[in-house]
Structures are given as C-alpha cells and as structure tokens.
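Under our numbering, the first residue of the sequence shown is numbered 86, with each subsequent residue one higher. A short worksheet on the structure shown next.
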Amino acid sequence: MKLTRRSFLKASAAGFGAAVLSYGLTGCGSSSDSGSDKVDVSFDHGVASGDPLHDAVVIWTRVTPKLAAANSVQVRWEVALDNTFKEMVHDGMVQVGSDTDFTLKVDLQNLEAGTRYYYRFASNERLSPVGTTRTLPEGELDQVKLAVMSCSNYPAGYFHAYAEVAKRDDLDAVLHLGDYIYEYGAGGYASDDAQALGRSFPADNNSELLTLSDYRKRYALYRTDKDLQALHQAAPFITVWDDHEVSNDTWRDGAQNHNEGEGHFDDRKLAALKAYFEWMPIRGQDSSQPIYRKFEFGDLVSLYMLDTRVLARDKQLSYADFDLTSQAGQGAFMAALTDANRSLLGGQQLNWLTDNMALSAATWQVLGQQVLMTKMWLPAEIMLILGSVEATLAAGGDVSAILAEANVLFAELAQIKGRVLAGDPSVTAAERARVETTIPYNLDAWDGYAYEREALLGAARAMQKNLVVLAGDTHNGWAGNLVTAANNPLAANSYAGVEFATSSVSSPGMEEYLSLDTTNPQAIAQTEQVIGLLIDHLHYTNLTDRGFLTLTFSRNYVDAQWHYVSSVKQRDYLMLENRRHTMRVWAGANRLDA
Ligand SMILES: [Fe+2]
Numbered sequence: 086m087k088l089t090r091r092s093f094l095k096a097s098a099a100g101f102g103a104a105v106l107s108y109g110l111t112g113c114g115s116s117s118d119s120g121s122d123k124v125d126v127s128f129d130h131g132v133a134s135g136d137p138l139h140d141a142v143v144i145w146t147r148v149t150p151k152l153a154a155a156n157s158v159q160v161r162w163e164v165a166l167d168n169t170f171k172e173m174v175h176d177g178m179v180q181v182g183s184d185t186d187f188t189l190k191v192d193l194q195n196l197e198a199g200t201r202y203y204y205r206f207a208s209n210e211r212l213s214p215v216g217t218t219r220t221l222p223e224g225e226l227d228q229v230k231l232a233v234m235s236c237s238n239y240p241a242g243y244f245h246a247y248a249e250v251a252k253r254d255d256l257d258a259v260l261h262l263g264d265y266i267y268e269y270g271a272g273g274y275a276s277d278d279a280q281a282l283g284r285s286f287p288a289d290n291n292s293e294l295l296t297l298s299d300y301r302k303r304y305a306l307y308r309t310d311k312d313l314q315a316l317h318q319a320a321p322f323i324t325v326w327d328d329h330e331v332s333n334d335t336w337r338d339g340a341q342n343h344n345e346g347e348g349h350f351d352d353r354k355l356a357a358l359k360a361y362f363e364w365m366p367i368r369g370q371d372s373s374q375p376i377y378r379k380f381e382f383g384d385l386v387s388l389y390m391l392d393t394r395v396l397a398r399d400k401q402l403s404y405a406d407f408d409l410t411s412q413a414g415q416g417a418f419m420a421a422l423t424d425a426n427r428s429l430l431g432g433q434q435l436n437w438l439t440d441n442m443a444l445s446a447a448t449w450q451v452l453g454q455q456v457l458m459t460k461m462w463l464p465a466e467i468m469l470i471l472g473s474v475e476a477t478l479a480a481g482g483d484v485s486a487i488l489a490e491a492n493v494l495f496a497e498l499a500q501i502k503g504r505v506l507a508g509d510p511s512v513t514a515a516e517r518a519r520v521e522t523t524i525p526y527n528l529d530a531w532d533g534y535a536y537e538r539e540a541l542l543g544a545a546r547a548m549q550k551n552l553v554v555l556a557g558d559t560h561n562g563w564a565g566n567l568v569t570a571a572n573n574p575l576a577a578n579s580y581a582g583v584e585f586a587t588s589s590v591s592s593p594g595m596e597e598y599l600s601l602d603t604t605n606p607q608a609i610a611q612t613e614q615v616i617g618l619l620i621d622h623l624h625y626t627n628l629t630d631r632g633f634l635t636l637t638f639s640r641n642y643v644d645a646q647w648h649y650v651s652s653v654k655q656r657d658y659l660m661l662e663n664r665r666h667t668m669r670v671w672a673g674a675n676r677l678d679a
C-alpha cells in the first residue's frame with residue numbers, strides 16, 4: 086500500500102497515540118470510569134479554535150450536563166479534511182469535568198500547513214456543531230489576511246461586528262485584542278440599554294465579577310451569543326487579554342476597579358485568568374506561563390502577541406498626583422513618565438520581542454497588543470477641560486456648559502495649529518505655546534510608559550524592520566505614525582512603524598464621552614479633523630462607530646481597512662459604506678502620509 090502523507094497522518098493519529106495534547110483531563114477516558122459516558126449533555130456554547138501553527142491548532146468546546154450532579158463526562162472529538170467527516174485525520178476521547186467548568190481543549194498536532202480542517206465533538210450521541218479552522222501557511226506567500234477586533238461588551242449592544250466577520254471566507258485568523266468580556270455588574274458601565282436589548286445579566290451573575298464561578302458564568306453568557314458563536318465556529322482566533330478580563334485598568338498588582346473590600350487582587354486575578362484559559366481557544370491551561378507568543382505566516386508576517394496588562398505593568402501614573410501648574414510639578418511628572426525603570430512589557434518580554442524580531446526574515450513585523458502606542462499628546466488646555474468634564478460627570482453634574490466651552494477651545498486651537506503648520510509668520514509666541522504645550526491624553530496607554538516605547542521603537546528602527554502595531558482598548562478607530570524621540574540613542578527622530586487601532590465590537594466610544602451629536606455627520610467629521618490636526622502623529626480618527634479592522638499584507642504593502650456597523654442598539658443594521666476607510670503603508674516606508 087502506498088503511504089501518502091495523508092494516510093501517514095491518519096496512521097500516526099491512530100497508532101502513535103501522542104498526536105494530541107489535551108487540557109482539562111480528569112481521567113484516562115477508559116469506559117470503566119463509573120458511568121461517565123452515560124451523562125446526557127448539550128453543546129450550548131458552540132465550538133471554537135485558536136492559536137494556529139503550521140502543524141497544530143487548538144480546538145475547544147464546552148458540554149452542559151443535563152444532570153446537575155454529573156462530575157465527569159466523556160467527549161469524543163473528530164477532525165477531518167471535509168465537513169462530512171469522511172476524510173478523518175484525527176480523533177480521540179477525553180474526560181471533562183467540573184474542574185474545568187466542563188470546557189475542553191485539544192491541541193491537535195501533526196497537521197499540514199495552510200490547510201482547512203473541520204472538527205466536531207460528540208458525547209452520549211449528541212453532536213456539537215461543526216467548526217472550521219485553518220493551520221498557518223508556510224513558505225513564500227502572496228497574501229495574509231487578518232481581522233482585528235476588541236472590546237465586546239454584552240449589555241452595551243449586539244455583536245454585529247462578529248456576525249460580519251463570520252460571513253467572510255478570506256481570513257487566515259481573527260485577532261482579538263482583549264476586553265472579550267467586561268467585569269461589571271448590572272447597572273455598571275455601558276449597561277443603560279441592557280434590558281431593552283434583551284441583554285441583561287442572569288440573576289446569578291449580575292454583580293461585579295470577583296470569583297472563579299463569577300468569571301466562568303460571564304464567559305458562558307457571552308458564548309450563548311449567536312454572533313460570537315458563529316465567528317468562533319468559522320475561524321481560528323488568536324487572543325490576548327486586556328484589562329476587563331480581570332478588572333478596569335488592571336496592572337501587575339492591582340486595578341482601578343478593585344478595592345480592599347473585594348479581597349486580595351492576586352486571588353481575583355488568578356480566578357479571572359483560570360476562567361480565561363478554560364473558555365478561550367488559547368494554548369495552555371493556566372497563567373503560570375506568560376501569554377506572549379509568536380505566529381509565523383510564511384515569509385510574509387511574523388505576529389507577536391503581547392501582554393501589556395498583567396505580566397509586568399507598573400501602576401498607571403495619575404495627573405492628580407502632580408501639580409502641573411508649577412514648573413517643579415511639571416518636571417516631576419516628566420521624570421516619572423520617562424523613568425527607565427517603568428515597565429509595561431517588562432524586560433523579559435521586551436527582550437524576547439526584540440530578539441525574535443532580529444531573527445525574523447518576514448517582511449512584516451506585527452505586534453498584536455492592547456493599548457495605543459501612537460503619541461496622543463493634546464494641548465494642556467484641552468486636557469484641563471477634559472479633566473473637569475470627567476470630574477463633573479463623576480459628581481453626577483451637568484457637563485453641557487463645559488462641553489460647549491471645550492468645542493470653542495478645540496476650534497480655536499485647531500485654527501492656530503493650522504496656521505503653525507502652514508508656516509504663517511503672524512503666529513505669535515503665545516499662540517504657538519498654546520498648541521505646542523501638550524501632555525499625554527491617556528496615561529494607561531503606551532504614553533504613560535515612554536521609556537519602553539522608545540526602547541522598542543528605537544530597536545525596530547535600528548533593525549530597519551517594517552513594524553505594524555495593532556491596538557484595541559479605546560473603542561475608536563485610529564491610525565498613527567510611530568516616531569522615536571529626538572534623543573533616542575538607537576534612532577533619533579525617525580519613523581519606526583505605523584499603528585492601526587480597531588474600534589470596539591459594542592463598547593461606546595468618544596461619541597459618548599464627548600457627548601457628540603451623531604446625527605450631524607458634518608460636525609462629527611469636523612471634530613475628527615480637529616483632533617487629527619491637534620495630535621501630531623495621528624492620521625486617521627473615527628470617533629463614533631463600532632466595528633472591526635481587516636489587514637491585508639502583501640509583499641510590497643499592507644492595507645488596513647476599517648469597517649463599521651450602523652448601530653449596535655438595533656437588531657437590524659447595515660454596514661456603513663460611507664464610513665469604511667482604507668489606508669496603505671508601503672514596505673520600507675514605515676509611515677502614513679498626512
Ligand atoms: Fe474596552
């Protein structure tokens with residue numbers, strides 16, 4: 086008999102037995118396990134796959150035992166080259182139980198590169214839906230296509246963005262940059278419409294998430310969403326967590342939304358991350374290993390997924406701790422901001438990243454990570470007024486007068502900035518100072534960790550890499566140039582890469598924060614233009630729409646395209662053709678043109 090590669094794979098799956106690594110085993114799967122295979126189950130949370138490699142991919146499901154007392158269930162998994170499962174390449178049996186919340190992951194091995202596979206699960210004559218996945222392509226490639234998503238907030242709106250991406254058949258993988266769930270309870274952030282949308286939390290999961298059981302139930306709720314299920318079923322995910330998988334503004338040892346009354350932060354973090362590993366199609370089973378990791382798409386893309394949240398991040402700076410009206414206070418703030426000991430990635434992760442970038446021969450070096458890296462520095466006057474908007478909102482006050490004042494100020498400063506950029510000789514020193522005295526808008530982003538950003542950008546520039554950074558977190562679409570500082574010893578004042586940031590799936594963006602009139606497209610376009618003008622390195626802004634980003638990498642250029650839905654508050658929606666936006670960056674350029 087002729088031994089083809091396919092029949093060899095089939096034989097090795099059946100014969101060598103070590104073709105898979107699976108997580109969440111509670112037993113060996115032998116039928117002597119007391120009645121475990123008699124438990125009736127349903128597959129209520131769909132199927133998923135993730136972390137594709139050239140020869141491996143993780144497949145996932147969860148079984149719901151009909152009998153609440155069941156503590157162990159036998160599940161069979163099957164992988165085939167066709168969706169009728171005639172050309173089977175792998176199968177096996179595992180036991181799952183309450184120790185993994187009845188979730189199960191199998192890390193399929195010995196697969197072929199760039200190949201589509203179909204998978205399904207079965208237990209006690211019940212079949213799961215059939216999932217589709219893909220291994221990473223190898224060798225010389227013409228194209229790699231990715232979708233990038235973040236910030237899916239269940240009570241805030243429908244997951245139309247997931248539904249749209251699920252319809253596509255052209256993606257190598259879906260990147261989720263975090264805020265896959267949110268930790269708030271009923272009545273918390275962005276939940277005003279939850280009841281009207283039919284997206285309230287169930288009674289046993291309607292307070293802020295603190296325990297393992299809380300986090301598990303929240304994932305289970307999200308995974309009942311048909312649009313999210315459809316996307317997981319259609320394509321492999323590559324994910325990282327952001328803050329809300331644990332708690333708002335998480336850093337290494339704490340979070341803005343964590344207080345002493347809520348117990349030890351470490352306990353909460355471990356519970357949150359255990360649930361993440363159980364419910365997400367990510368390789369590994371707990372947070373004892375860092376989640377930063379690398380994916381190679383042939384000779385075209387090296388993708389590095391980073392953890393800027395949990396692993397090493399120092400506590401965020403706060404403007405409240407500095408007296409910015411005094412020169413001493415400003416100096417102290419700048420010293421803290423640029424402190425060489427301040428970590429976001431941490432030394433180990435940063436070294437891993439730059440070492441791997443140095444070794445990579447791929448055309449594009451791509452960072453999948455959480456927070457904005459573009460320097461988002463706004464005139465200090467605007468920051469002051471935004472600060473009072475925030476304080477007034479926090480105190481439950483009316484901000485309409487302050488916002489009107491902010492609008493006037495924005496227009497005034499934009500007008501001056503326009504004259505500065507045009508080289509108008511009538512600009513006075515005082516006017517120039519108003520637009521050039523700038524401070525970072527968001528200290529939770531890379532702006533609050535300036536030293537590591539310079540180290541990373543300087544290294545990328547010195548190695549002459551084509552760097553593309555991806556970000557989520559802000560709930561808005563952005564694109565910017567990543568520029569090193571004038572005093573960067575590795576590469577002073579140069580274009581080191583570009584950043585593309587995706588909008589959110591459903592969390593509200595700037596339109597809510599700035600109370601923008603979304604029924605007035607002209608006013609919105611103007612505000613977006615003004616922000617682009619005031620922030621030096623920003624080249625694209627969408628302040629109002631929910632959606633996703635696609636990236637098409639080819640030999641000579643990368644195209645980023647932002648896609649937006651008309652509403653997340655209505656079941657019926659359209660794609661907003663007039664808001665779709667495409668930007669191209671040429672290999673070797675490392676910059677977006679104004
Ligand atoms: Fe978010």
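We treat Cβ as the ideally placed atom computed from N, Cα and C, and that holds for glycine.
Excluding its 5 nearest sequence neighbours in each direction, Tyr274 has C-beta neighbours in its own chain below 7 Å: Tyr267, listed in chain order. For Ala496, the three-state secondary structure derived from DSSP is helix.
Counting the other CB atoms within 10 Å of its CB gives Asp227 a total below 16, which places it among the exposed residues. Shown here, Met390 sits in a strand according to DSSP, grouped into three states. According to DSSP, Phe206 shares a beta bridge with Trp162. Gly339 sits close to Lys400, with the two beta carbons spaced by under 8 Å. A residue is called buried when at least 16 other Cβ atoms come within 10 angstroms of its Cβ; Trp671 does not meet this threshold and is exposed. DSSP places Leu618 inside the alpha helix (DSSP H), whose first and last residues are 606-619. Trp364: member of the alpha helix (DSSP H) spanning 350-364, first to last residue. In the DSSP assignment, Asp176 forms a beta bridge with Glu163. As for any beta strand (DSSP E) of minimum length 3 sitting wholly inside the segment 206-238, the runs are 216-219, 228-234, ordered along the chain. For the 8 Å CB-CB criterion, Met178 and Arg161 form a contact. Taking a 10 Å sphere around the C-beta of Pro321, we find 16 or more other C-beta atoms and assign the residue as buried. Each residue's CA atom was taken as its position, placing Ala241 and Gly617 some 27 Å apart. Taking 8 Å as the cut-off, the beta carbon of Thr587 is found closer than this to the beta carbon of Phe633. Excluding five sequence positions before and after Trp145, the CB atoms of its chain that fall closer than 6 Å to its own CB belong to Ala133, Lys190, Pro366, given in chain order. Taking 8 Å as the cut-off, the beta carbon of Tyr625 is found no closer than this to the beta carbon of Gly533. For Ser292, there is no enclosing beta strand (DSSP E), as DSSP gives it neither H nor E. Per DSSP, the continuous alpha helix (DSSP H) segment holding His245 begins and ends at 245-251.
Taking a C-beta distance under 8 Å as the contact criterion, Tyr580 and Val590 do not qualify as a contact pair. Proximity of the segment 595-608 to the segment 411-422 falls short of the contact definition, fewer than three beta-carbon pairs being nearer than 8 Å. Along the segment 521-588, the beta strand (DSSP E) occurs as fully enclosed runs of 3 or more residues at 523-525, 551-556, 562-568, 580-586, listed in sequence order. The segment 462-476 and the segment 522-530 touch, with no fewer than 3 CB-CB distances between them shorter than 8 Å.
Residue burial annotation: Ala425 is exposed, with fewer than 16 other C-beta atoms found within 10 angstroms of its C-beta. Under DSSP, Glu347 shares a beta bridge with no residue. When the five nearest sequence neighbours on each side are left out, the beta carbons in the same chain lying within less than 7 Å of the beta carbon of Gly131 are those of Pro214, Arg308, Gln314, His317, Gln318, in order along the chain. Short of 8 Å from the beta carbon of Arg378, and not among the five residues preceding or following it, lie these beta carbons of its own chain, in chain order: Asp136, Arg368, Tyr389, Met390.
When the beta-carbon positions are compared, Val615 and Val553 stay at least 8 Å from each other. Contact check for Arg303 and Asp257: beta-carbon distance about 29 Å, past the 8 Å limit, so the pair fails to qualify.
Contact check for Asp312 against Tyr265 fails: the beta carbons are separated by 8 Å or more. In this structure, Asp630 has its CB at a distance of at least 7 Å from all heavy atoms of ligand 1. Annotation for Asp558 indicates a beta carbon within 7 Å of some heavy atom of ligand 1. When secondary structure is reduced to three states using DSSP, Tyr642 falls in the strand class. Going by C-alpha positions, Leu488 is about 24 Å away from Ser652.
Fewer than three Cβ pairs drawn from the segment 341-358 and the segment 167-177 lie within less than 8 Å of each other, which leaves the two stretches out of contact. Residue burial is scored here from C-beta neighbours: Ser332 has at least 16 other C-beta atoms within 10 angstroms and is therefore classed as buried.
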